[in-house]
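**Student:**
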Amino acid sequence: MSHVTTTQAPIPLRDKNAIVAAAKKLGCQVLFDAEAVGWANQVHRGEIVLKHPSCRYDVALNRNEQGVYEFNADLMGNEVGRVYGTPEHVYGRLIALYGAEVVRKLALLRGYRVEQKVDEKTGTVIQRVVIGNA
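At position 120 of the sequence shown (counting the first as 1) the number is 120 in the working numbering, and the numbers step up by one without a gap.
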């Protein structure tokens, strides 16, 4: 019996590099086209697979028909949620870091400086985009 659940993010995740950067900021090892492990060592494939040292279960991300990445993981026991989530969403911390990474990339492309802080307890990302010499 598989416990793997497919979950969509509240925002479309399309930028592979931003997903990877966000996952690394959470302390994940990132693998590509790999097997993800769930309950009882059951495996499922992922275009991107996230392995975190504090979580027995891996998170796989695969693109759907619209080109948007969806999460696939064993959510039993909320182990994944404790590492990746917030009270609002099972992957809330990762999604917040993804959004911040997309904004950071856009700001840097426009020549702005970006300062970033992450509240480790809540996963809240605070960014300051500096335009000019301020």
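The beta carbon of each residue, even a glycine, is placed where N, CA and C say it ideally should be.
As the structure is a prediction and not an experimental result, all values here were calculated from the model.
Going by CA-CA distance only, name the one from Tyr91, Glu115, Leu75 that's closest to Gln104.
**Tutor:** According to the sequence shown, residue 104 is Arg rather than Gln. Cα-wise, what sits closest to Arg104 is Glu115.
**Student:** Considering only the alpha carbon of each residue, which of Ile131, Val118, Gly99 lies closest to Tyr112?
**Tutor:** It is Ile131 whose Cα lies nearest to the Cα of Tyr112.
**Student:** Does the Cβ-Cβ distance between Ala60 and Ala36 come in under 8 Å?
**Tutor:** Closer than 8 Å, so yes.
**Student:** Starting from Leu94, follow its DSSP beta bridges and name the residues at the other end.
**Tutor:** Answer is none; Leu94 lacks a bridge partner.
**Student:** Any idea if Glu88 is buried or exposed, counting beta-carbon neighbours within 10 angstroms, 16 or more meaning buried?
**Tutor:** Classification of Glu88: exposed, given that the 10 Å Cβ count is below 16.
**Student:** Among the candidates Glu120, Leu106, Lys121, whose CA atom is the shortest distance from the CA of Arg136?
**Tutor:** Because the chain in this structure spans residues 1 to 134, residue 136 falls outside the shown range and cannot be described.
**Student:** By how many angstroms is the C-alpha of Gly77 removed from the C-alpha of Met1?
**Tutor:** The predicted position of Met1 is uncertain, since its pLDDT is 49 and thus under 50; a value taken from the coordinates is nonetheless stated next. Cα-Cα distance, rounded: 15 Å.
**Student:** By DSSP, does Tyr69 sit in helix, in strand, or in coil?
**Tutor:** Reduced to three states, the DSSP call for Tyr69 is strand.
**Student:** On the three-state DSSP scale, how would you describe Leu13?
**Tutor:** It is coil, neither helix nor strand.
**Student:** Which partner residues of Thr5 appear in the DSSP bridge assignment?
**Tutor:** DSSP output for Thr5 lists Ala73 as bridge partner(s).
**Student:** In terms of alpha-carbon separation, which member of Gln66, Val68, Asn72 lies closest to Asp58?
**Tutor:** If we check each option's Cα against that of Asp58, Asn72 comes out closest.
**Student:** Under 8 Å, do Leu94 and Leu26 count as touching if we go by C-beta distance?
**Tutor:** Yes, the pair counts as a contact, with Cβ atoms nearer than the cut-off.
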